[in-house]
Each structure stands twice: as C-alpha cells, then as structure tokens.
Amino acid sequence: MRFTDADPSAPLIRRLTLAVDESQCTLRWLWPESVEAVYVERLELDMMGDDRTEEQAAQGKLKLYTKEEYKASNGYMDRITGFGAIRYTVYVCQMQEDGPVLVRQRDGDNTVVASAGKADIRFSIRYKSGFFQKRKSVLMTVTTEASVPKEALCYVRKQGGVPLNKEDGTVYPFVSDFAPGRNEMPPVEVAKDDYVRLFFTDGPKYGAAYRLISD
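Residue numbers (the working numbering): 4 to 218.
Structure (structure tokens):
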C-alpha cells in the first residue's frame, strides 16, 4: 500500500463531518463519482509524542470501506472510549497494478478530530516552613485519571505572588511521568516569598486530552 499526493485531477473527499452520540461516532462525506472504496484511518493522538512518518503511523490503523457499506449504514460508524483525541482521515483508494494507492489531501478536508473525553489532573500545593527560616518547602501532589507524560506539565515559580500563567515566572520541568492515581512530588526548596503553580507546557496540545484542576 502506497500514498500519493493529490494532483489537480485527483478525486477528493469533500465535506467530511463528524457526529458523536454518547460513545458512538458517525462520519459522513461526499463521495467522488468515480470512487467505489476508501480507507478510513483511525489514529489515537499520542500525547507522548510521535516522530513516525505518515505511512508508518497509518500501518495497522486503516480500514477499507466501500460505498455500498456506506449507503447501508448511512455513514461510517465507530465507537470511541477512554480519554484523549482520535483523528479520522478518509483516503480515496485508487487501485493500480501493484496494489491500492491512497490519495493524500493537503487541504485537510478529509480529516476530522473526535474527543474521547478529557482526563482530570488534580493538583494541590502546600508550603512548609519555620518562623525563623529564610526558605520553605513546596509539597506538590498530582492526582490523575490516566497516565500523563512528564512533558505535559511544568511548575512555575514566582516571587511575591502566585503565578497567573506559564510565562509569569520561572518554568521548571518534571523529571518523571505521572501514573494514574496519586503522585506525590519530592519537596522543592524555594525562598520564603516564592510561590508555585502547575500549568500545561502546551495548552492547546495537552488541553485537548486533559483537564487541569487546582484543589
């Protein structure tokens, strides 16, 4: 199976839409007149990062779907469960002597993203210090509904007040991933008038899969 970029004369998928009813997902699109079958790719977006090529990422995630099946079911149906996001891509299938060739569209009209629900990340921050000490300990606890990569979160330290966003202070990374359940971080020593708060390292990316909540 090979991919090819769409040329001006290639048949293309148009008006791909997504409808979700509880855990049932339905895709519908306009079929080109000359196309009798497509391949539908379901790709669970990996928050841990993925440097594979498009062809490698698609291996094992493609399903052949005919126009007759589409008519019988009034669309393409799939079940979504768990947390995160799922990207669906519908490729026109062109049969050639050496096998099927999938048409890669650069306009994005053949791709939609479904949300499988956001996992809650709850965090609490406590401070511990003595009356005559110049520094204090920061005790952070992170409780998650699902695994969270360390790259998703950071903590920000600010002098004189609680940070309002990731840019409002000095950013520090975490050194290990967060397992589902309660994660107690090693104490961090800061100055007596320093304050700390957790943020997503990339709000649009990780905010699609997780919900960050301060206890």
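From the three backbone atoms N, C-alpha and C, an ideal C-beta is built for every residue, glycine too.
- The three-state reading of DSSP puts G184 in strand, counting E and B together.
- Y68 has its alpha-carbon roughly 6 Å from the corresponding atom of Y42.
- For A119, no alpha helix (DSSP H) segment is defined, and its DSSP state is neither H nor E.
- Of the candidates F135, Y175, Q136, Y175 places its Cα closest to the Cα of E154.
- Here F203 is bridged, per DSSP, to L156.
- By alpha-carbon distance to D81, the top candidate from W32, E100, A75, R45 is R45.
- One thing to note: R17 has its Cβ no nearer than 7 Å to the Cβ of L30.
- Comparing alpha carbon positions, the residue from V191, Y79, S26, N77 closest to R138 is V191.
- F203 is positioned such that its CB atom lies no closer than 7 Å to that of V159.
- With a threshold of 16 other beta carbon atoms within 10 Å, P166 meets it and is buried.
- For the pair A212 and G184, the Cα-to-Cα distance works out to about 17 Å.
- Runs of the alpha helix (DSSP H) lying entirely within the stretch 54 to 106, each at least 4 residues long, are 57 to 61, 70 to 76 in chain order.
- Y91 is positioned such that its CB atom lies closer than 7 Å to that of V115.
- In the displayed model, K131 falls within a strand according to three-state DSSP.
- Taken through DSSP and simplified to helix, strand or coil, K195 comes out as coil.
- Counting only runs of at least 3 residues, the stretch 12 to 50 fully encloses the following beta strand (DSSP E) elements, listed from N- to C-terminal order: 17 to 24, 27 to 33, 40 to 47.
- Around S150, the same chain offers D180, F181, A182, P183 as residues with beta carbons nearer than 8 Å, after the five sequence neighbours per side are excluded.
- Annotation: the continuous beta strand (DSSP E) that includes F6 extends over 5 to 8.
- Between the alpha carbons of T146 and C157 lies a distance of about 15 Å.
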